[in-house]
Amino acid sequence: MERKRVAIIGSGVNGLTACKHLLERGCRPAVFEADTLLGGVWARAPDCTSLQSERPMYQFSDFPWPESVTEVFPDRRQVADYLDAYARRFGVLDCVRFGRRVVGMEYVGVGEEEVAAWEEWAGCGEAFGSGEGEWRLTVADAEGNMETHVADFVVLCLGRFSGVPNIPTFPPGKGPEAFDGEVIHTMDYAKMGTKKANEMLKGKRVTIIGYLKSALDVAAECADVNGIEHPCTMVVRTKHWIIPSYYAWGFPISNLYLNRFSEFLVHKPGEGFLLCLLATILTPLRWLFSIFAESYYSIPMKKHDMVPDHSLFEALATCLIAITPKDHYKRLDEGSIVLKKSKTFSFCKEGVLVECESSPIKSDVVIFGTGFKGDQKIKNMFTSEYFQSIAVGPTSSTVPLYRECIHPKIPQLAVLGYSESLSNLYTAELRAKWLAHFIDGGFRLPSVKAMQSDILEWEKFMKRYSRVYFRRSCIGLLHIWYNDQLCQDMGCNPRRKNGIFAELFDVYGPHDYVNLHPK
Numbered sequence: 000m001e002r003k004r005v006a007i008i009g010s011g012v013n014g015l016t017a018c019k020h021l022l023e024r025g026c027r028p029a030v031f032e033a034d035t036l037l038g039g040v041w042a043r044a045p046d047c048t049s050l051q052s053e054r055p056m057y058q059f060s061d062f063p064w065p066e067s068v069t070e071v072f073p074d075r076r077q078v079a080d081y082l083d084a085y086a087r088r089f090g091v092l093d094c095v096r097f098g099r100r101v102v103g104m105e106y107v108g109v110g111e112e113e114v115a116a117w118e119e120w121a122g123c124g125e126a127f128g129s130g131e132g133e134w135r136l137t138v139a140d141a142e143g144n145m146e147t148h149v150a151d152f153v154v155l156c157l158g159r160f161s162g163v164p165n166i167p168t169f170p171p172g173k174g175p176e177a178f179d180g181e182v183i184h185t186m187d188y189a190k191m192g193t194k195k196a197n198e199m200l201k202g203k204r205v206t207i208i209g210y211l212k213s214a215l216d217v218a219a220e221c222a223d224v225n226g227i228e229h230p231c232t233m234v235v236r237t238k239h240w241i242i243p244s245y246y247a248w249g250f251p252i253s254n255l256y257l258n259r260f261s262e263f264l265v266h267k268p269g270e271g272f273l274l275c276l277l278a279t280i281l282t283p284l285r286w287l288f289s290i291f292a293e294s295y296y297s298i299p300m301k302k303h304d305m306v307p308d309h310s311l312f313e314a315l316a317t318c319l320i321a322i323t324p325k326d327h328y329k330r331l332d333e334g335s336i337v338l339k340k341s342k343t344f345s346f347c348k349e350g351v352l353v354e355c356e357s358s359p360i361k362s363d364v365v366i367f368g369t370g371f372k373g374d375q376k377i378k379n380m381f382t383s384e385y386f387q388s389i390a391v392g393p394t395s396s397t398v399p400l401y402r403e404c405i406h407p408k409i410p411q412l413a414v415l416g417y418s419e420s421l422s423n424l425y426t427a428e429l430r431a432k433w434l435a436h437f438i439d440g441g442f443r444l445p446s447v448k449a450m451q452s453d454i455l456e457w458e459k460f461m462k463r464y465s466r467v468y469f470r471r472s473c474i475g476l477l478h479i480w481y482n483d484q485l486c487q488d489m490g491c492n493p494r495r496k497n498g499i500f501a502e503l504f505d506v507y508g509p510h511d512y513v514n515l516h517p518k
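Under numbering that gives the first Met the number 0, the first residue of the sequence shown carries the number 0, and numbering increases by one thereafter.
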């Protein structure tokens with residue numbers, strides 16, 4: 000494999016671990032990074048941003064956190080330093096080409112009609128296909144100069160939370176153009192850096208659209224800068240489970256949702272009759288788990304009428320849950336952050352118009368904390384209209400990725416990091432190990448038809464439990480079931496615990512895969 004040309008696009012968590020595992024197998028990939036820093040979103044996140052997973056769950060299996068980091072939820076600087084140390088430790092940094100943005104990819108050597116007709120992935124089910132096809136990448140440097148790079152295999156590690164902001168649409172005359180102030184997205188805010196961002200916020204009337212992680216982080220910084228003199232207003236279109244920790248009434252909820260027993264309570268992709276029956280019988284227990292946790296987490300929410308309409312279970316199923324920034328509810332009580340609940344909003348000259356308010360929210364700056372279009376970012380990578388049309392599937396389906404990595408109809412390419420879990424780094428490492436084993440000839444992929452059938456089974460699961468958010472492709476509630484499939488593909492024993500009781504009731508995490516060696 001050392002003679003094969005592998006390109007990795009992006010040096011965030013997924014790009015770093017993909018490169019590391021390929022290096023271990025004798026392949027030296029070229030990692031193209033548009034930024035001047037590695038770490039993906041962690042390189043530019045606001046200073047108050049911290050992990051959403053507890054530290055022991057967010058680490059590489061063979062690279063523990065330094066002893067100096069003791070926080071349960073390390074901050075963005077600590078995470079960025081950890082990723083940088085990982086890259087240096089395993090020689091990844093030498094492979095990264097900073098300031099190189101891949102602006103397009105073209106598959107050449109095999110016609111699109113032939114590719115579309117293949118019954119086996121890449122024609123034979125192997126990473127490099129027959130050897131006739133290759134990818135040509137158009138790469139721009141910081142000055143805009145273009146180069147062409149050729150690769151036998153491409154790994155897209157673009158991430159979900161950067162690049163293409165999700166900006167709401169408005170009727171004519173009701174959008175940002177009607178507003179006299181400044182309108183930006185949290186992506187733009189993060190790029191400013193703390194000092195410049197704080198200068199922008201100082202003494203301003205700031206309105207933030209959204210109520211999840213990025214919106215909460217910006218609101219926290221705004222409250223620190225302006226206090227109650229100039230309160231930050233958050234327009235909340237959907238209430239979410241914003242929780243202080245993963246403990247309810249002193250009990251770790253990971254014991255309710257992140258072990259094998261908890262997965263017996265959920266209908267799984269490709270399950271047999273007995274597992275289906277068991278999930279049906281145990282459904283009331285799943286409901287009780289959720290009620291138990293909600294009874295604790297809802298206490299501060301009730302005061303502000305912010306208890307979500309959906310269950311905590313559904314929030315976990317969609318990976319739409321957030322850890323509160325420090326003193327969030329204290330800021331609500333003191334008035335440095337003000338919530339306005341409204342399903343819809345629009346702009347006017349003075350600020351933002353919301354439901355049930357006769358006058359606008361007067362604003363100087365409006366910040367969209369409305370997320371990103373991760374699927375659009377994947378689609379934009381392809382120059383071919385055919386690949387663009389199939390890359391992310393229709394909006395009525397999940398993004399069609401086998402094992403959340405491989406598109407059945409796009410050869411010699413993998414996508415890492417689109418699908419979410421409740422601990423993305425830990426999942427990323429296992430996927431990267433799986434992919435490196437595949438690229439090194441460790442196994443062949445099933446037929447295109449078989450992969451499409453498996454994808455459909457996972458789609459049914461996601462639509463059943465994630466409902467309108469199924470496109471997020473969250474595997475959080477079935478991360479062990481998912482990991483088992485990766486282990487089986489690699490010829491490894493998926494049972495990682497000692498003893499039946501531990502296997503059923505202990506929480507699964509990175510430490511369980513320390514000695515995972517594909518055969």
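We put the beta carbon where it would ideally sit given N, CA and C, even for glycine.
What do you get for residue i, buried or exposed, if any count of 16 or more other CB atoms within 10 angstroms of its CB means buried?
{"i": "Gln58", "result": "buried"}
{"i": "Ser388", "result": "exposed"}
{"i": "Pro399", "result": "buried"}
{"i": "Val217", "result": "buried"}
{"i": "Ser129", "result": "exposed"}
{"i": "Trp248", "result": "exposed"}
{"i": "His20", "result": "buried"}
{"i": "Met300", "result": "buried"}
{"i": "Phe250", "result": "exposed"}
{"i": "Gly90", "result": "exposed"}
{"i": "Met450", "result": "buried"}
{"i": "Leu319", "result": "buried"}
{"i": "Trp41", "result": "buried"}
{"i": "Asn492", "result": "exposed"}
{"i": "Asp93", "result": "exposed"}
Taking the alpha helix (DSSP H) that residue i belongs to, which residues open and close that run?
{"i": "Phe500", "result": "499-504"}
{"i": "Leu276", "result": "272-280"}
{"i": "Gly377", "result": "The question names Gly, yet the displayed sequence has Ile at residue 377. Its alpha helix (DSSP H) spans residues 373-378."}
{"i": "Lys212", "result": "212-225"}
{"i": "Leu515", "result": "No alpha helix (DSSP H) contains Leu515, which DSSP labels as neither H nor E."}
Cα separation between residue i and residue j?
{"i": "Ala222", "j": "Lys212", "result": "15 Å"}
{"i": "Lys339", "j": "Cys355", "result": "10 Å"}
{"i": "Asn165", "j": "Ile499", "result": "46 Å"}
{"i": "Gln487", "j": "Tyr481", "result": "10 Å"}
{"i": "Pro55", "j": "Gly180", "result": "43 Å"}
{"i": "Tyr512", "j": "Ala126", "result": "24 Å"}
{"i": "Ala435", "j": "Gly25", "result": "10 Å"}
{"i": "Leu284", "j": "Leu277", "result": "11 Å"}
{"i": "Leu155", "j": "Gly416", "result": "8 Å"}
{"i": "Pro324", "j": "Leu36", "result": "25 Å"}
{"i": "Ala316", "j": "Glu419", "result": "10 Å"}
{"i": "Val306", "j": "Leu331", "result": "15 Å"}
{"i": "Leu215", "j": "Tyr256", "result": "25 Å"}
{"i": "Pro359", "j": "Tyr425", "result": "45 Å"}
{"i": "Ser67", "j": "Arg75", "result": "15 Å"}
{"i": "Pro407", "j": "Glu456", "result": "15 Å"}
{"i": "Thr521", "j": "Lys378", "result": "Absent from the structure is residue 521, since the part of the chain shown begins at 0 and ends at 518."}
{"i": "Thr382", "j": "Glu105", "result": "6 Å"}
{"i": "Trp117", "j": "Val447", "result": "8 Å"}
{"i": "Lys3", "j": "Thr279", "result": "48 Å"}
{"i": "Gly392", "j": "Ala321", "result": "28 Å"}
{"i": "Asn197", "j": "Ser244", "result": "27 Å"}
Would you mind reading off the limits of the beta strand (DSSP E) that contains residue i?
{"i": "Cys231", "result": "231-235"}
{"i": "Ala196", "result": "Element bounds for Ala196: not the beta strand (DSSP E) but the alpha helix (DSSP H), 193-200."}
{"i": "Phe344", "result": "344-346"}
{"i": "Ile241", "result": "240-242"}
{"i": "Val365", "result": "364-367"}
{"i": "Leu352", "result": "350-353"}
Any chance the CB of residue i is under 7 Å from a heavy atom of the ligand GTP?
{"i": "Gly103", "result": "As far as ligands go, the structure on display features none, and thus does not contain the ligand GTP."}
Are the segment 187-204 and the segment 39-55 in contact at 8 Å, needing three or more beta carbon pairs? Taking a contact to require three or more Cβ pairs closer than 8 Å, the segment 187-204 and the segment 39-55 qualify as touching.
Any beta strand (DSSP E) of 3 or more consecutive residues that is wholly inside the segment 111-173: As far as the segment 111-173 is concerned, its whole beta strand (DSSP E) runs of at least 3 residues are 133-139, 145-150, 152-155.
For the structure I just gave you, are there three or more beta carbon pairs, one from the segment 124-136 and one from the segment 410-421, closer than 8 Å? Enough Cβ pairs lie closer than 8 Å, so yes.
Would you mind listing the alpha helix (DSSP H) stretches within the segment 61-101 that are 4+ residues and don't spill past its ends, in chain order? Listed in chain order, the alpha helix (DSSP H) elements of length 4 or more contained wholly in the segment 61-101 are 75-88.
Threshold first: 4 residues or longer. Then list the alpha helix (DSSP H) segments lying entirely within the segment 404-485, N to C. Runs found: 423-438, 447-465.
How do the segment 5-15 and the segment 30-43 stand: do at least 3 beta-carbon pairs fall below 8 Å, yes or no? In short, these stretches touch, since the Cβ pair count reaches three.
Could you tell me which whole alpha helix (DSSP H) segments of length 4 or greater appear in the segment 7-57? Listed in chain order, they are 12-22.
Sufficient close CB pairs (3 or more, under 8 Å) joining the segment 232-246 to the segment 308-318: Yes: at least three Cβ pairs fall under 8 Å.
Whole runs of the alpha helix (DSSP H) within the segment 304-334, excluding any shorter than 4 residues: If only complete runs of 4 or more residues are kept, the segment 304-334 shows the alpha helix (DSSP H) at 311-316, 327-333, in order along the chain.
For the structure I just gave you, are there three or more beta carbon pairs, one from the segment 496-510 and one from the segment 335-353, closer than 8 Å? Too few Cβ pairs lie closer than 8 Å, so no.
The segment 190-207 touching the segment 222-232, judged by at least three CB pairs closer than 8 Å: Yes: at least three Cβ pairs fall under 8 Å.
Is it a yes or a no for the segment 368-378 touching the segment 157-171, going by three-plus beta-carbon pairs under 8 Å? Segments in contact, yes.
Between the segment 172-179 and the segment 146-153, do at least 3 Cβ pairs fall closer than 8 Å? The segment 172-179 and the segment 146-153 do not touch, with fewer than 3 CB-CB distances between them shorter than 8 Å.
Can you confirm whether the segment 465-477 touches the segment 139-146 when touching is taken to mean that 3 or more C-beta pairs between the two stretches lie within less than 8 Å? When Cβ pairs closer than 8 Å are counted between the two stretches, the segment 139-146 is seen not to touch the segment 465-477, the count staying below three.
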